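Notes follow once the structure below has been shown.
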Amino acid sequence: MSTNDYIKFITQTFVKHFDTPKLDRKQHRIQRKEEKAPFLYRWFGILPYSIIMVFKRK
Numbered sequence: 000m001s002t003n004d005y006i007k008f009i010t011q012t013f014v015k016h017f018d019t020p021k022l023d024r025k026q027h028r029i030q031r032k033e034e035k036a037p038f039l040y041r042w043f044g045i046l047p048y049s050i051i052m053v054f055k056r057k
């Protein structure tokens, strides 16, 4: 990718971002946060959840 292509891509992304209304950007950001996996699962996989489930059964 040449420098000119990279600058063109960054400019298009920047303009697209600021062409959207502020409310839509905020809703999109909130939606991304909600879709994110919980911290334990993201960093350590399924193991913490299995341990929690075992202790909840007892």
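One point on numbering: in numbering that gives the first Met the number 0, the residue at position 16 of the sequence shown is 15, and numbering is uninterrupted. We put the CB at the ideal spot given by N, CA and C, even for glycine. In this text, all values refer to a predicted model and were calculated from it rather than measured experimentally.
| Asked | Found |
| --- | --- |
| Close beta carbons around Ala-36, own chain, < 7 Å, minus the five adjacent residues each side | none |
| Segments of 4+ residues assigned as alpha helix (DSSP H) that fall wholly inside the stretch 6-42 | 21-34 |
| Endpoints, the alpha helix (DSSP H) within which Ile-51 is located | 46-56 |
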